[in-house]
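Step one of this worksheet: look at the structure below.
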Amino acid sequence: MFSSRILYFADKEVEGYYDVGMTVPDYITLLWSDDNWGNIRRLPLASERNKTGGVGVYYHVDYVGDPRDLQVDHFKPNFEGACKSKCPLLSIAKQRACGSSMLAISSPTRARLISFINFGWNATHWNVDNLESFVSSWAQRESAVSPVVAETIVDIVRNLTRYNSRRKPELIDTTTYSSNKYREADNVLADWAMLKNASTEIDNSLSSDSKAAFSQLIQHPIVASANLANLVSTALQEQLVRL
């Protein structure tokens, strides 16, 4: 039988209460949160690592709240990258660790949710050197692709999350990228065009029986992101013409 576990989520201002002296009984599990932007704010102190309740992490797969909602899959900072910062924490906590994730929309984030569950289930298996192998294994399992194509998908996912981590789509407007300094806006559009072409090539090569996961969880976010970049760039060009 499983014994019940009491969790203390040190999220937002709650972590501040703890930092200024709020005490938590030893049997309660301490969960350190990200800063709503994918960055883990705190690791356990030496005095906290031997708590009978253990320590863990609380990660926002998506986010609803101040200062801006972040709800579109892959627009959150690279989840695999964020997990790399959790490796030391869960390795320290060992078998007393607990992981919790927060998401408002489950369907488009299911790949990351599976990644999180796998990571929490066997934290000692994963490390900074093999974490990206999850994407490769996922691609081979869900889309029936070869290991070579799976590695290409790993690169695509890496760039998708990297490009959208430059600035969250909810925060992008015509002032984000410059059209007359260092060809910044043009370079952003070129990056998305190349990524869209690479993803579309794989999407078109998949059979109807094996393309659903790739089309929904990788191809669609790329097409949507590229469309947004083009939309904002067009609006920027229109503003410049009016000057």
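The numbering used here applies: residue 17 is where the sequence shown begins, and numbers increase by one. All residues carry an ideal CB built from backbone N, CA and C; glycine is no exception. Since the structure is predicted, the reported quantities are computational estimates derived from the model, not experimental observations.
- For S159, the enclosing alpha helix (DSSP H) starts and ends at 149-159.
- With respect to V151, Y179 sits apart: the two C-beta atoms are not nearer than 9 angstroms.
- Residue range 200-221 is occupied by the alpha helix (DSSP H) that includes W208.
- C-alpha of W208 to C-alpha of A245: approximately 8 angstroms in a straight line.
- In the structure shown, the three-state DSSP call for A139 is coil.
- Bounds of the beta strand (DSSP E) holding T45 are 45-49.
- Taking all protein chains shown into account, Y33 has fewer than 16 neighbouring C-beta atoms within 10 Å of its C-beta and is therefore exposed.
- Counting only residues of its own chain and dropping the five nearest sequence neighbours on each side, T190 has a CB closer than 8 angstroms to the CB of V248, A251, L252, Q255.
- Of A155, S131, W154, S241, the smallest CA-CA separation from T177 is found for S241.
- Taking the Cα of V40 as reference, the smallest distance to any Cα among E64, V173, S149 is reached at E64.
- The stretch 137-148 makes no contact with the stretch 213-225: fewer than 3 CB pairs, one atom from each, lie closer than 8 angstroms.
- The beta-carbon separation of D50 and Y75, rounded to 5 angstroms, stays under the 8 angstroms limit for a contact.
- If you draw a 10 Å sphere on the C-beta of Y24, you find 16 or more other C-beta atoms in it, and that means buried.
- In this structure, D27 lies away from K67, with their beta-carbon atoms at least 9 angstroms apart.
- Judged by DSSP in its simplified three-state form, V248 adopts helix.
- For V71, the beta-bridge partners assigned by DSSP are L46.
- Judged by DSSP secondary structure, L187 falls outside any beta strand (DSSP E); it is assigned neither H nor E.
- In the structure shown, L59 falls within a coil segment according to DSSP collapsed to helix, strand and coil.
- Each of S181, S226, A206 was checked against the Cα of W154, and the nearest Cα belongs to S226.
- For Y24, the uninterrupted beta strand (DSSP E) segment begins and ends at 23-26.
- The beta-carbon separation of V170 and I234, rounded to 11 angstroms, does not stay under the 8 angstroms limit for a contact.
- The Cβ neighbour count for L46, taken over all protein chains shown within 10 Å, is at least 16; the residue is labelled buried.
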